[in-house]
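Enquirer: Protein chains in written order, with the working numbering: chain A, 1 to 413; chain B, 414 to 826.
1. If you measure from the beta carbon of residue 51 of chain A to each beta carbon in chain B, is any gap under 8 Å?
2. If I measure Cβ to Cβ from residue 397 of chain B and keep anything under 8 Å in the same chain, skipping five residues before and after, which residues do I get?
3. Distance check for residue 475 of chain B and residue 801 of chain B, CA to CA, integer angstroms please.
4. Do you know how far the Cα of residue 703 of chain B is from the Cα of residue 31 of chain A?
5. Mind listing the chain A neighbours of residue 556 of chain B? Cutoff is C-beta to C-beta under 9 Å, in chain order.
6. Would you verify that the beta carbon of residue 266 of chain A is, or is not, closer than 8 Å to some beta carbon of chain B?
7. Check whether the Cβ of residue 412 of chain A lies closer than 8 Å to any Cβ atom in chain B.
8. Closest to residue 49 of chain A by C-alpha separation, out of A/58, A/15, A/313, A/26, would be which residue?
9. If you check the beta carbons only, do residue 550 of chain B and residue 588 of chain B fall under 8 Å apart?
10. Residue 342 of chain A to residue 153 of chain A, Cα distance in whole Å?
11. If we define contact as Cβ-Cβ less than 8 Å, is residue 364 of chain A a contact residue for chain B?
12. Is residue 766 of chain B buried or exposed, if buried means 16 or more other CB atoms sit within 10 Å of its CB?
13. Spell out the partners DSSP gives residue 440 of chain B in its beta bridges.
14. I want to verify the contact list: residues of chain A whose CB lies under 8 Å from the CB of residue 432 of chain B, in sequence order.
15. Here's the rule I'm using: 16 or more other beta-carbon atoms within 10 Å means buried, otherwise exposed. How should residue 430 of chain B be labelled?
16. Kindly list the residues whose CB is nearer than 8 Å to the CB of residue 579 of chain B, restricted to its own chain and excluding five residues on each side of it in sequence; keep chain order.
17. Which runs of the alpha helix (DSSP H) spanning at least 4 residues fall entirely within the segment 658 to 727 of chain B, listed in chain order?
18. Would you mind telling me which residues of chain B sit closer than 7 Å to residue 186 of chain A, beta carbon to beta carbon, in chain order?
19. Give me whichever residues DSSP pairs with residue 125 of chain A in a beta bridge.
20. What separation, rounded to the nearest whole angstrom, lies between the Cα atoms of residue 436 of chain B and residue 716 of chain B?
21. Just to make sure I have the definition right: I need the residues of chain B whose C-beta is within less than 7 Å of the C-beta of residue 104 of chain A. Which are they?
22. Measure the alpha-carbon distance for residue 433 of chain B versus residue 505 of chain B and round it to whole angstroms.
23. In chain A, which residues lie less than 8 Å from residue 804 of chain B when you measure between Cβ atoms?
24. Evaluate residue 707 of chain B with the Cβ neighbour count: other Cβ atoms within 10 Å of its Cβ, from every protein chain shown; 16 or more gives buried, anything less gives exposed.
25. Mind checking whether residue 139 of chain A and residue 667 of chain B have CB atoms under 8 Å apart?
26. What are the start and end residues of the beta strand (DSSP E) that includes residue 230 of chain A?
27. Are there 16 or more other CB atoms within 10 angstroms of the CB of residue 674 of chain B, so buried, or fewer, so exposed?
28. Report the rounded CA-to-CA distance for residue 818 of chain B versus residue 794 of chain B, giving the unit in angstroms.
29. Shorter than 8 Å from the beta carbon of residue 183 of chain A to some beta carbon of chain B?
30. Measuring alpha carbon to alpha carbon, tell me which residue in B/584, B/752, B/417, B/572 is nearest residue 614 of chain B.
31. If you pair each beta-carbon of the segment 478 to 485 of chain B with each one of the segment 39 to 53 of chain A, do three or more pairs fall below 8 Å?
32. Note down, in chain order, each residue of its chain lying with its Cβ closer than 7 Å to the Cβ of residue 639 of chain B, except the 5 sequence neighbours on either side.
33. Would DSSP call residue 140 of chain A helix, strand or coil?
34. May I have a chain-ordered list of the alpha helix (DSSP H) segments no shorter than 4 residues that lie completely inside the segment 479 to 519 of chain B?
35. Any C-beta of chain B sitting closer than 8 Å to the C-beta of residue 202 of chain A?
36. Taking the alpha-carbon of residue 301 of chain A as reference, which of A/243, A/209, A/191 has the nearest alpha-carbon?
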């Protein structure tokens, strides 16, 4: 690239050299491509292939095939899970299923884990973990007469090392933190937990599809994640869960539903969970949503997680470079790790007026996210974000921020 | 009607006089209208309005609106619940939400109920209840150190009266039984349970949308139901749950998810469930599925549950009349209540070769359901089933059954 990174022409050169640039055209373009969407880490864009697939599932499989389609649908939660495992999670077949929501899956696996570690009352997570993780874990721990021990130093490996002991049943952390974008060392933390006989449950919501995940390689025990962010499966699409093969038949999840039952259609008198990953299914699976997950997994598989990661690091590095040049003088501070190997694909910028700035950006066709307290969170989903999007968004931030200073309405009486 | 009910012209006259006949055209017609679909109580047909709505949610709300659509989506689980309550469940607003699967909702509400009745170890259900109900209840009861007491006489009010006592925490029954189609007396059973201080949880999967349900009028405590049968919301569409208003803030459901949290986006340190029905939500709701539920509820509301019930009774009565005339001599027995006021909108016919007969029917374009042991289950979803469908299907059964007798393959060595 030639010229200064603060020149728009620099961003244009980066886009021209981007091997993933063509993927953007495979998504529905909102507002005639005028929208600058930096929230793909909250809700990913709609792939054209997914729209076609949902239409086909709806008219052909449901509308015409009707109940006969269950012959094929019955295996879809596991097939979609295998696709995720292959392309994005580093999991061999038979260890991932698409099912329920992240919240419900967290509940199922945390309950199963605690039941498998009797006499150990402690669950470890961090105080910056996503709310639903903290809430679910506190409920599950209380049910077992235990407690949650909250780390206050984010995802630092040393903090985990200092906290885990023989009282620990479960360590549950986000691989990439939802607010700061910090990335945990999955291999090391898993090893530390195992050294004390504890299980580890990884939340992959903000990592899968944006950074390489190697569940099998790290020896991870359990994982969950959503599919509506980087996996582009749509609002509230079903989540997935991973259980390492050798653990599956040792664990018993609490929601004893008919889709986890051996010989399901014998409808026998007693719940007997099927062997393998299928026992972690519960009720009738969301077929339209699971089909969208398959399309998202295929699309990202084609882009390749290696290329996705490289572009994600380039995008976040470029954003931080522009933030340092333009926004630091306006009172912004980078609230994400500066080492590109220690962060995911979003960057948070602290500013006391981040909420007002976020609202003003949206009215100008730039969609960021706001996260309390004072974080402008900018998600740079690698397959749909251009370098010029980063330039344009930060240019907008630097233009509007001075006019917003001091504009905060006075607190009410 | 003139002529004999066993003449096809009789069925044609019934169709011509059917005030709901026009509704059938508002659904996608499989196989050029040649398919005779008697499984709408397993998977309802696809309404054209639902296909249009899903397409609009997909392209307009997700593809173009992206994250900005959450302003509207956030209230959709409760709005869809209110629509169901108004048109189909007899529930005033603020008591129903669309969320998760039936299995997960059963789990949440059964756990909440048992926690609200400490010291009472018994859950009552019946041995013919749908498998997921029995499995979930046995798991929940065991967690509380309790047990499930299984009625063996179906949904008979007297059996419930004899079983409930001061040890009973919860009575959980299907309003309409999945296999026999028998309908419980919701008002009387609820009153009996309340007389002993127990709570009642109704499973409405096989009743809502086909028979009038009056949750408020019966003083019911809790209910769950699926939306992919008579409500036509698609395979694995999200389920709903009902909690009577005055119970909501007394109950605490176990899956402490962020969608049940007060001031959700403050993402505070401690789980504090929102007041009201919202606390029974868990993770991010399935927006496409919930939108389909809204369309199904509106369509059935337009048809009117009174007209739906009348036609359902006429269809099932007609089916039994033909079965008595044609199929009894072939070894069939009616395995559903003969009193139309004591059954829902499906009829089961017992025959030792019901599985073979079911398979043979499917190859001839008649889709029934098979349920073990030996039940040919025929679902007559009132808005999509014609009287001639009943005639044609039973005519097919009487033609093929003699040729199948004795065709069962010998058991293996």
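Glycine included, C-beta positions come from ideal geometry on N, C-alpha and C.
Expert: Inspection of the coordinates gives the following:
1. yes
2. Shown here, chain B extends from 414 to 826; a query on residue 397 of chain B therefore has no answer.
3. 42 Å
4. 25 Å
5. 143, 254
6. yes
7. With a pLDDT of 45 at residue 412 of chain A, under the threshold of 50, the modelled position of this residue cannot be trusted; read the value that follows with caution. No, its Cβ sits nowhere closer than 8 Å to a Cβ of chain B.
8. A/26
9. no
10. 14 Å
11. no
12. buried
13. B/460
14. Chain A residues near residue 432 of chain B: none, gap ~25 Å exceeds 8 Å.
15. exposed
16. 533, 609, 610
17. 658 to 661, 700 to 716
18. Near residue 186 of chain A there are no residues of chain B at all, since even the closest Cβ is about 23 Å away, more than 7 Å.
19. A/150
20. 8 Å
21. 513, 517, 668, 695, 696
22. 26 Å
23. Result: empty, since nearest Cβ-Cβ is about 20 Å, beyond 8 Å.
24. buried
25. yes
26. No beta strand (DSSP E) holds residue 230 of chain A; DSSP gives it neither H nor E.
27. buried
28. 30 Å
29. no
30. B/584
31. yes
32. 515, 618, 652
33. helix
34. 483 to 486, 489 to 497
35. no
36. A/209
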